[in-house]
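Read through the structure below, which is laid out as structure tokens, and then see the notes.
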Amino acid sequence: MQDDGLLDGLTALDISDTSQLSFTYQGRVDVLLGNSSSLDYKLRLAAKILTDPDKGLSGSDRGTLDVSDQLEDGEIRGYFQPYEQPTPTPEPDPEPDPESENAENAEEPPTE
Numbered sequence: 001m002q003d004d005g006l007l008d009g010l011t012a013l014d015i016s017d018t019s020q021l022s023f024t025y026q027g028r029v030d031v032l033l034g035n036s037s038s039l040d041y042k043l044r045l046a047a048k049i050l051t052d053p054d055k056g057l058s059g060s061d062r063g064t065l066d067v068s069d070q071l072e073d074g075e076i077r078g079y080f081q082p083y084e085q086p087t088p089t090p091e092p093d094p095e096p097d098p099e100s101e102n103a104e105n106a107e108e109p110p111t112e
């Protein structure tokens, strides 16, 4: 990880399950490595995607980078899934003020 430039941005490392290795980079990208097969290549691929300013992710991207999947021909590809932006809860309509509502509904006094 140090040779790949990932160590400085490492926020968390999960090795509790050796078939589901993962780490968090800069607190904003969860990187799924899967098992230890081709781990060196997976780390280099993740580093390229995370740190290359021209071809990789931007510094503001947040989501999950999955480099765990190895195809039948041995190729490993990285897939990035951005986190969904939370949909803000709409503000409720303000409760009508009973006094102003009464004033609006009041009849005007007759003029003489």
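So the sequence shown is residues 1 to 112, counted in my numbering. Think of the CB as a built atom: it goes at the ideal place given N, C-alpha and C, for glycine as much as any other residue.
- What's the C-alpha gap between Ser19 and Phe80? Their Cα atoms are separated by approximately 20 Å.
- Say whether chain B places a C-beta atom closer than 8 Å to the C-beta of Gln85. This model lacks chain B altogether, as it is built from one protein chain only.
- Helix, strand or coil: how does DSSP classify Leu21 here? If DSSP states are grouped into helix, strand and coil, Leu21 belongs with the strands.
- Would you grab the beta carbon distance between Leu45 and Gly78 for me? Rounded to a whole angstrom, and I think it's under 8 Å. At roughly 6 Å, the Cβ-Cβ gap stays under 8 Å, so Leu45 and Gly78 are in contact.
- Tyr83: buried (16+ other C-beta within 10 angstroms of its C-beta) or exposed? When all chains shown are included, Tyr83 counts as exposed.
- Query: Ordered along the chain, which non-local residues of its own chain (more than five positions away) have a Cβ less than 6 Å from that of Ser68?
  - Reply: Taking Ser68 as the centre and dropping the five residues before and after it, the same chain places the C-beta of Leu32, Leu33, Gly34 closer than 6 Å to its C-beta, in chain order.
- Message: Helix, strand or coil, according to DSSP, for Tyr41 in the structure here?
- Response: It is helical.
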